[in-house]
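Chemist: I am attaching a structure below and will ask some questions about it afterwards.
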Amino acid sequence: MAQESRLFKVKQCRPLAFPWVLVSLVAQLLPTALLALGLPPAFVDVGASRGVGPYSSGVMGGGVALADYDGDGDLDLFVPNREGVADQLYRNLGGASFEEIAWEVGLASLQRSRSALFLDYDGDGDLDLLVAGDCYQLPGGCVAGTSLLRLYRQDADGAFTDVTDECGLFDDGGGHDTREHRGGIAAGDLDNDGYPDLFVGMWVEEASLFFNNGDGSFTDASGTSGVGLDKRGHWQAVIHDFDGDGWNDIFVAVDFNQNRLWMNRRDRTFEDRAPEAGVDSAWNEMGIALGDYDNDG
Numbered sequence: 000m001a002q003e004s005r006l007f008k009v010k011q012c013r014p015l016a017f018p019w020v021l022v023s024l025v026a027q028l029l030p031t032a033l034l035a036l037g038l039p040p041a042f043v044d045v046g047a048s049r050g051v052g053p054y055s056s057g058v059m060g061g062g063v064a065l066a067d068y069d070g071d072g073d074l075d076l077f078v079p080n081r082e083g084v085a086d087q088l089y090r091n092l093g094g095a096s097f098e099e100i101a102w103e104v105g106l107a108s109l110q111r112s113r114s115a116l117f118l119d120y121d122g123d124g125d126l127d128l129l130v131a132g133d134c135y136q137l138p139g140g141c142v143a144g145t146s147l148l149r150l151y152r153q154d155a156d157g158a159f160t161d162v163t164d165e166c167g168l169f170d171d172g173g174g175h176d177t178r179e180h181r182g183g184i185a186a187g188d189l190d191n192d193g194y195p196d197l198f199v200g201m202w203v204e205e206a207s208l209f210f211n212n213g214d215g216s217f218t219d220a221s222g223t224s225g226v227g228l229d230k231r232g233h234w235q236a237v238i239h240d241f242d243g244d245g246w247n248d249i250f251v252a253v254d255f256n257q258n259r260l261w262m263n264r265r266d267r268t269f270e271d272r273a274p275e276a277g278v279d280s281a282w283n284e285m286g287i288a289l290g291d292y293d294n295d296g
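Each step along the sequence shown adds one to the number in numbering that gives the first Met the number 0, with nothing skipped, and position 102 is 101.
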């Protein structure tokens, strides 16, 4: 089923929420839900007038990345897309108007992309971009010689260079049709060396974990860390210090199986303690949000 994404402005909402939000699929159901509650729709579609028109991603679970990539104080938007359709980068021109510049800056990949994340992997002060794709049920399978996980380094002129191969992240999906769904991706410092490490969720396959070597390259520690030892529907992850010991841990929402809470052993290995923490539910979770909902710090 084709999925459309649109840009909406909050017209009226109590309590007041962020003035600009991007919603995917849910926005199509929101007006009906609000009317059922006797409430007027709270959002107005302003995408076309702001340079972000509706589009059909054609990818289940396609996610967007939002960040101020060019450091001008405005949030910009990266939109992954299906195979044969270029990914999109919308630069914020100020005043909530956008300009699509993916071809101009080297981010218009025609491979299938599923999720994306802005991060400063090399510590040079500007944001780089990690994009995850897959070739699930793709006619002809994976494209030989191309990587499903792509890391783009932002250069001094604002353009991006694909450094996937030289960074040790190349993954061609085995060169055939595969059931590997790329899920969410997360970045955080898992070994306290000051550099962001990478977690890549995988549906019905082992999850992937890459440690940042601090020299622009990564080491695949999926097996040795304990994170990639079984095949589950690993989807979105969040990296956070859950027990307050000064070391980040990993929580993963899992589809068709129990969630994972990998606690950091401080030696680049992790132990799943989801049952002890009471978060090992198996309700087909795919997304996760983290926050202090009860204001206890």
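Note that CB positions come from ideal geometry on N, CA and C, so glycine has one too.
(1) Answer with buried or exposed for residue 239, where buried requires no fewer than 16 other C-beta atoms within 10 angstroms of its C-beta.
(2) Step through the CB atoms of chain D and report whether any lies within less than 8 Å of the CB of residue 228.
(3) Can you list, in chain order, the residues of its chain with a C-beta nearer than 7 Å to that of residue 224? Leave out the 5 residues immediately preceding and following it.
(4) Where does residue 295 land, buried or exposed, given buried means 16+ other C-beta within 10 angstroms?
(5) For residue 96, write down the residues that DSSP places opposite it in a beta bridge.
(6) Among residues of its own chain, excluding the 5 on either side of residue 265, which ones have a beta-carbon nearer than 6 Å to its beta-carbon?
(7) Alpha carbon to alpha carbon, how far is residue 256 from residue 186?
(8) Run through the segment 142 to 176 for me and flag every whole beta strand (DSSP E) of 3 or more residues, listed as ranges in chain order.
(9) Determine the contact status of residue 198 and residue 155, defining contact as a CB-CB distance below 8 Å.
(10) Going by beta-carbon coordinates alone, are residue 184 and residue 131 separated by less than 8 Å?
(11) Just mark residue 163 as buried or exposed, buried being the case when its beta carbon has 16 or more other beta carbons within 10 Å.
(12) Can you name, in chain order, every residue of its own chain whose Cβ lies under 7 Å from the Cβ of residue 93, other than the five neighbours on each side?
(13) If distances are taken between C-alpha atoms only, which option among 282, 221, 272 and 65 comes closest to residue 250?
(14) Can you tell me where the alpha helix (DSSP H) holding residue 215 begins and where it ends?
(15) Where does the unbroken alpha helix (DSSP H) through residue 49 begin, and where does it stop?
(16) Would residue 84 pass as a contact of residue 159 if the rule is Cβ separation under 8 Å?
(17) Is the beta carbon of residue 90 sitting closer than 8 Å to the one on residue 100?
(18) Just verifying my parser: in three-state terms, what is the DSSP assignment at residue 310?
(19) Going by CA-CA distance only, name the one from 169, 65 and 71 that's closest to residue 115.
(20) How big is the Cα-Cα spacing for residue 50 and residue 63?
(21) Hey, residue 137 and residue 151: beta-carbon distance below 8 Å or not?
Modeler: Taking the coordinates as given:
(1) Position 240 of the sequence shown, counted from the start, is the residue given in the question as residue 239. Exposed: under 16 other Cβ atoms inside 10 Å.
(2) Absent here is chain D; the protein component of the structure consists of one chain.
(3) Position 225 of the sequence shown holds residue 224. Here the set comprises 208, 267, 268 and 269.
(4) Here residue 295 is taken as the residue at index 296 of the sequence shown, counted from 1. The residue is exposed, with fewer than 16 neighbouring Cβ atoms inside 10 Å.
(5) As a first step, residue 96 must be located in the sequence shown, where it is residue number 97. 93.
(6) Looking up residue 265 in the sequence shown gives position 266. Taken in chain order, the residues that qualify are 246.
(7) For the purposes of this step, residue 256 is identified with residue 257 of the sequence shown, where counting begins at 1. For the purposes of this step, residue 186 is identified with residue 187 of the sequence shown, where counting begins at 1. Residue 256 and residue 186: Cα-Cα distance of roughly 23 Å.
(8) 148 to 153 and 159 to 161
(9) Residue numbering aside, residue 198 sits at position 199 when the sequence shown is read from its first letter. Residue numbering aside, residue 155 sits at position 156 when the sequence shown is read from its first letter. No.
(10) Walking along the sequence shown from the start, residue 184 turns up at place 185. Walking along the sequence shown from the start, residue 131 turns up at place 132. Yes, the Cβ-Cβ distance between residue 184 and residue 131 is below 8 Å.
(11) Locating residue 163 in the sequence shown gives position 164, where the first residue counts as 1. Residue 163 comes out buried.
(12) As a first step, residue 93 must be located in the sequence shown, where it is residue number 94. Taken in chain order, the residues that qualify are 73.
(13) Position 251 of the sequence shown, counted from the first residue, corresponds to residue 250. Of the candidates 282, 221, 272 and 65, the one whose C-alpha sits nearest the C-alpha of residue 250 is 272.
(14) Locating residue 215 in the sequence shown gives position 216, where the first residue counts as 1. Unbroken run through residue 215: none, as it is neither H nor E.
(15) Numbered from 1 along the sequence shown, position 50 holds the residue referred to as residue 49. Here the alpha helix (DSSP H) through residue 49 covers 46 to 49.
(16) The residue labelled residue 84 in the question sits at position 85 within the sequence shown. The residue labelled residue 159 in the question sits at position 160 within the sequence shown. Their beta carbons are not under 8 Å apart, which means residue 84 does not touch residue 159 by this criterion.
(17) To locate residue 90, count along the sequence shown from 1; it is residue 91. To locate residue 100, count along the sequence shown from 1; it is residue 101. Yes, they are a contact pair.
(18) Coverage of the chain is limited to positions 0 through 296, which leaves residue 310 absent and any answer about it impossible.
(19) Position 116 of the sequence shown, counted from the first residue, corresponds to residue 115. Comparing Cα positions, the closest option is 65.
(20) Start at 1 with the first residue of the sequence shown, and residue 50 comes out as number 51. Start at 1 with the first residue of the sequence shown, and residue 63 comes out as number 64. Cα to Cα, the separation comes out at about 16 Å.
(21) The residue you call residue 137 lines up with position 138 of the sequence shown. The residue you call residue 151 lines up with position 152 of the sequence shown. In this structure, residue 151 does not lie closer than 8 Å to residue 137 by Cβ.
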